[in-house]
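Here is the structure we will look at, set down as structure tokens.
2 protein chains.
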Amino acid sequence: MYGLIGRMIAAEGRREELMTILRDSATQRMPGCLSYVIARCVEHPDGIWVTEVWDTSESHKASLDLIAVQDAIARARPLIAGFDNRFETEPVGGIGL
Amino acid sequence: MYGLIGRMIAAEGRREELMTILRDSATQRMPGCLSYVIARCVEHPDGIWVTEVWDTSESHKASLDLIAVQDAIARARPLIAGFDNRFETEPVGGIGL
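Residue numbers (full-length UniProt numbering), protein chains in the order written: chain A, 1 to 97; chain B, 1 to 97.
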């Protein structure tokens, strides 16, 4: 499995709007996506954590070409101030996969 | 929902052993646990990411009193060198919850 853990920082005051776009895009069908969780960061008023698990890194890469995902990226971009944490992982198991 | 994203650092060379303990404990029944993913950190040879989603923070707290979890904590403790990242989150949705 392939995983990503990342925190993005929304433009000031735009976190809820940005999370809605992310959440809507995550309900689309994304082949190979086992888990995709969008969460407010408690310690940062503009922080959003996205934690992802895919069957392979290739499935993740391929998802970036999906029209629904490209559309979400285009709508999200103006609301993103930056990314300040990004970790690649190799998930081994657990609950909810 | 209530979430935790944390990285623990295994004692040198003990990562796989520690992950097995975590994974076994996560297959036990934990009321209110919606997602619990154990993953190797790619950038740190001893790093393990644990990402958790619970219905409420109370369910998470209550899980720490479960006998299976207490047993796992006791077995895991000697294999843990430390924790170097810990973020509380408020998950709002996504895939795999």
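All C-beta atoms, glycine included, are put in the ideal place defined by N, C-alpha and C. This structure is a prediction, so every number in the text was calculated from the model and none was measured.
- prompt: Looking at the C-beta of ARG40 (chain B), does it have a partner C-beta in chain A at a distance below 8 Å?
  reply: Interface residue, yes.
field: Of the listed residues A:ALA62, A:ILE21, A:SER59 and A:ASP65, nearest to VAL50 (chain A) (C-alpha basis)
entry: Considering only alpha carbons, the answer is A:ILE21.
query: What does GLY3 (chain B) reach in chain A if we use C-beta pairs closer than 8 Å?
result: VAL37, ALA39 and TRP49
field: the stretch 50–70 of chain B contacting the stretch 32–42 of chain B, beta-carbon criterion three pairs below 8 Å
entry: yes
task: Grab the span of the beta strand (DSSP E) containing THR27 (chain B) for me, first residue to last.
output: Premise fails: THR27 (chain B) is in no beta strand (DSSP E) and is neither H nor E.
message: For a minimum of 3 consecutive residues, which ranges assigned as the beta strand (DSSP E) are wholly contained in the UniProt domain "ABM" (2–89) of chain A?
response: 2–10, 33–41 and 47–54, all fully within the UniProt domain "ABM" (2–89) of chain A.
- prompt: So what does GLY93 (chain A) bridge to, in DSSP terms?
  reply: B:ILE38
Beta-carbon separation (whole angstroms), ARG23 (chain A) vs GLY93 (chain B), contact threshold 8 Å: 5 Å
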